[in-house]
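Sequence positions in the sequence shown follow UniProt numbering and run 1 to 181.
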Amino acid sequence: MARDEEAVVGRLLIVEYEQVKEEQRARIGFRDNLLYATLASMAAIITFSLQGGGRPELLLLLPPASVLLGWTYLVNDEKISAIGRYVRQDLGPRLAALVPERPRIFGWETAHRDDRRRISRKRLQLAADLMLFTVAPVAALVVYWTSGPARWPLMTVSVAETLLIAVLAAQIVVYADLHRP
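In structure tokens, the structure reads:
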């Protein structure tokens, strides 16, 4: 490839890098705001269920809200990680191949993953994600189940919600990225 062509390709790769990093930044902001949205929706559902002498059946709204927000959180988190992998494994090496000295390109993309406490942080994040998106809705179901006689249609709904929560929990664990880089 001619030197001019290499320069054009290099510029295009830098523009692509800027674009994927911008998408990553936007997804990080959205993902992090989903935590607050989940907490707010939980607080609202719990408040409504306690008002007017208590209506525990309203707690059945908490699991679908948690699963929906949790799934959205998980999908965004995975895309954030996918962008990082793409920069580390594809974009960076292609850009480095254009430079004769082959410098380390986008070093931060790998450096922050080499931290010796990364795995313990990822485990703590996994625990926090499971607590927010799965343990809290299961607790709401337990309160519903123990609050008095339950009607069979709502009991059927609660069992289905339990299965949805289990699927989400499994997916959160699968995507936890607990391995070394």
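Think of the CB as a built atom: it goes at the ideal place given N, C-alpha and C, for glycine as much as any other residue.
State the Cα-Cα distance for the pair residue i and residue j, rounded to the nearest angstrom.
i           : j           : result
residue 165 : residue 50  : 23 Å
residue 91  : residue 17  : 7 Å
residue 82  : residue 151 : 44 Å
residue 94  : residue 9   : 9 Å
residue 240 : residue 79  : Look at the range of the chain in this structure, 1 to 181, and you will see that residue 240 is not part of it.
residue 147 : residue 136 : 16 Å
residue 77  : residue 7   : 33 Å
residue 186 : residue 97  : The structure shown has nothing for residue 186, since the chain only spans 1 to 181.
residue 54  : residue 156 : 21 Å
residue 138 : residue 162 : 7 Å
residue 144 : residue 109 : 46 Å
residue 11  : residue 106 : 15 Å
residue 42  : residue 15  : 41 Å
residue 66  : residue 101 : 50 Å
residue 124 : residue 21  : 25 Å
residue 183 : residue 72  : The shown model of the chain, from 1 to 181, leaves out residue 183, and the question about it has no answer.
residue 48  : residue 40  : 12 Å
Is the separation between the beta-carbon of residue i and that of residue j shorter than 7 Å?
i           : j           : result
residue 193 : residue 68  : Here the chain covers residues 1 to 181 and nothing more, so residue 193 does not appear.
residue 141 : residue 120 : no
residue 74  : residue 122 : no
residue 160 : residue 134 : no
Nearest chain B C-beta to residue i closer than 7 Å, yes or no?
i           : result
residue 111 : Protein chain content of the structure displayed is limited to a single chain, and chain B is not contained in it.
Touching or not, the stretch 68-88 and the stretch 105-118, by the rule of three or more beta carbon pairs under 8 Å? yes
For the stretch 156-176 against the stretch 127-143, do three or more pairs of beta-carbon atoms, one drawn from each stretch, fall closer than 8 Å, so that the two count as touching? yes
Does the stretch 25-33 come within contact of the stretch 56-65, defined as at least 3 CB pairs closer than 8 Å? no
What are the complete alpha helix (DSSP H) segments, minimum 4 residues, inside the stretch 93-178? 108-111, 118-130, 136-146 and 152-174
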